[in-house]
Structure formats: C-alpha cells, structure tokens
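Participant: Okay, here's the structure, questions in a sec.
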Amino acid sequence: MLEMSREDFEELVGEALDRIPTELTRLMDNVAVFVEDEPDPSDPDLLGLYEGTPLTERGEWYAGVLPDRITVYRGPTLRMCATREEAVEETEITVVHEIAHHFGIDDERLHGLGYG
-5 MLEMSREDFE ELVGEALDRI PTELTRLMDN VAVFVEDEPD PSDPDLLGLY
45 EGTPLTERGE WYAGVLPDRI TVYRGPTLRM CATREEAVEE TEITVVHEIA
95 HHFGIDDERL HGLGYG
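In my numbering, the protein residues as written are -5 to 110.
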C-alpha cells in the first residue's frame, strides 16, 4: 500500500484532469469532481463513481439541476498501488473512466478501450 496525503492525492486527480484534452473538457457540462477517502462500505474497492445524468440522456427538461458528481476514492486507489507511478496511472484511468460516463459511455465499452 502506498502512503500519500490527501493533498497529494488531490493533486494527482487535478493533474489527471489537466491531461484530458481541452476539446473534451469544453464539452463537459454541469459536473464537479471530488476526492473522498473511502467509498461506501458495501463496495470498499470502488475507485471512482459517476452520479448524474450523462450528456447523451439530457433533454430540454434538463435545467436547474445540481451538478453531476464524479468522486475519486483515495483509499482503494492507494491500497492497490505500490509506487507513485502506479498511483498516477490508476488515478488517470479512474478519472477518464468517470468522465467517459459523463459522456454516456458505458462500462462494457470502457473495458474494451482499456479503461475498465
């Protein structure tokens, strides 16, 4: 298990977000990214979670709603990583995976693309 402060992990998430191409980040709408220490105890190995309405499912009714929420979980990520380099890679995969859900891409397709 890799030891890393919450601040350092938040920086990793920020760096992963910075690596998302600008062409894609400009299309993201009404979404916020958070870092939490641990997921719900019912799924302790969860690395990230997207909660909201994907862009592909939004219609004219979509107005005045709270932002979609992407959460990246520090504990499970660090428990599966032995080095900082592994944590950087895993964090980037998780961030891309959850942003892809915002764009309406499902888990099956993401696994096929290597972002499972």
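Ideal placement from N, C-alpha and C gives every residue a C-beta, glycine not left out.
Computed from a prediction, not measured in an experiment: that's the story for all the values here.
1. I'd like to know whether the C-beta atoms of G42 and E92 end up nearer to each other than 8 Å.
2. Taking all protein chains shown into account, decide if H96 is buried (16 or more other Cβ within 10 angstroms of its Cβ) or exposed.
3. Helix, strand or coil: how does DSSP classify I99 here?
4. Straight-line CA distance for T16 to M22?
5. Only counting the same chain, and skipping five residues up and downstream in sequence, which positions put a Cβ closer than 8 Å to that of E84?
6. Apart from the five residues just before and just after E86, which ones in its own chain have a Cβ nearer than 7 Å to its Cβ?
Facilitator: Reading from the atomic positions:
1. yes
2. Buried, since its Cβ has 16 or more Cβ neighbours within 10 Å.
3. coil
4. Taking the straight line joining both Cα atoms gives about 10 Å.
5. L41, T71, M74, C75
6. These residues qualify, in order along the chain: A10, R13.
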